[in-house]
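Trainee: Going by this note's numbering, the letters in the sequence shown line up with residues 7 to 208, in that order.
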Amino acid sequence: MKILLIRHADCLQEGFDPEISQLGTIQAKLLAKRLSKIPISMVYVSDLKRTVQTFEEYHQIVKKISFEKTKDIREIYRVLVGGAPKEGTSKNREKEDKERIEKFFKKLISKDHGQIVAIFTHGNVIKYMLSKFLDSDPLRLGPRVSILSAGITLVDFNNGKVDVKFVNNIEHLTDLDSSNNYMVTGKKETYASWQLEILNSL
């Protein structure tokens, strides 16, 4: 099973459940175009707006795709991946978020979903899941890896054996320039490779 971990496109920064931004819409369309060329068999989507809107651009192209919207892969509390506590956060959030993402991860690896599964989710969730696949401490891995908007991470999972093929691949965003906070054209793949080197060193 090949698993595509996909972060939602760029979003607005206000409120609990923000929508994707104008830039995010462009990213989502470019992402959708690339994903439409991949024979994906199943999709999981976080039920928050920014992930649903990112997925919908893909769904407009690939209409006949099995998918499931789930709150289990909503963004998780950043302390689970080595981030700083946030004032005003519920005392139970860390425990609850860990329980739901662990539940989803077990479900994911216990089922035969077909050849390629895509997961539209959030940055901290991707960090946490990478740590699970690599049997690494998320508190150690999290601060060392940045997950880019509309980036793709590919994990090859075969009978318990894991091969992380690439992290943060954003080749599909080559129409966007460095003014949008991405590496300039021609260096995007290098950036993804550099991220992979960090993972392999953990």
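Idealized CB from N, CA, C, for every residue including glycine.
Find the nearest neighbour of residue 89 within the set 43, 130, 105, judged by alpha-carbon distance.
Mentor: Closest option to residue 89, Cα to Cα, is 130.
Trainee: Do you know how far the Cα of residue 166 is from the Cα of residue 95?
Mentor: Going from the Cα of residue 95 to the Cα of residue 166 covers about 35 angstroms.
Trainee: If you draw a straight line from the C-alpha of residue 86 to the C-alpha of residue 39, how long is it?
Mentor: Going from the Cα of residue 86 to the Cα of residue 39 covers about 33 angstroms.
Trainee: When the Cα atoms are used, what is the spatial distance from residue 9 to residue 78?
Mentor: Approximately 17 angstroms, taken between the alpha carbons.
Trainee: Quick check on the DSSP output: the alpha helix (DSSP H) that includes residue 22 runs from which residue to which?
Mentor: Run containing residue 22: none; DSSP gives neither H nor E here.
Trainee: In chain order, what residues of the same chain have a beta carbon less than 7 angstroms from the beta carbon of residue 138, not counting five sequence neighbours either side?
Mentor: So the list reads 111, once near-sequence residues are dropped.
Trainee: Specify, as a first and last residue, the run of the alpha helix (DSSP H) that residue 134 falls within.
Mentor: Looking at the DSSP string, the run of the alpha helix (DSSP H) that includes residue 134 is 129 to 139.
Trainee: Quick test of your reading: residue 12 and residue 125, contact by CB under 8 angstroms. State the CB separation rounded to the nearest angstrom.
Mentor: Their Cβ separation, rounded to whole angstroms, is 6 angstroms, which keeps residue 12 and residue 125 in contact under 8 angstroms.
Trainee: From this set, 158, 81, 23, which residue's C-alpha is nearest residue 107's C-alpha?
Mentor: Selected option, being the one with the closest Cα: 81.
Trainee: Are residue 154 and residue 176 touching if we call contact CB-CB under 9 angstroms?
Mentor: Contact: yes.
Trainee: In terms of residues, what are the limits of the alpha helix (DSSP H) holding residue 74?
Mentor: Run containing residue 74: none in the alpha helix (DSSP H); it sits in the beta strand (DSSP E), 73 to 76.
Trainee: So, residue 25 versus residue 49, is the Cβ gap smaller than 9 angstroms?
Mentor: Going by C-beta atoms, residue 25 is not nearer than 9 angstroms to residue 49.
Trainee: For residue 185, which three-state DSSP category applies?
Mentor: Note that residue 185 has pLDDT 44, beneath the 50 cutoff, so the model's placement of it is unreliable and the number below is only indicative. DSSP places residue 185 in helix when its eight states are reduced to three.
Trainee: Keeping to the same chain, check which residues put their C-beta closer than 8 angstroms to that of residue 35; ignore five residues upstream and five downstream.
Mentor: Around residue 35: 63.
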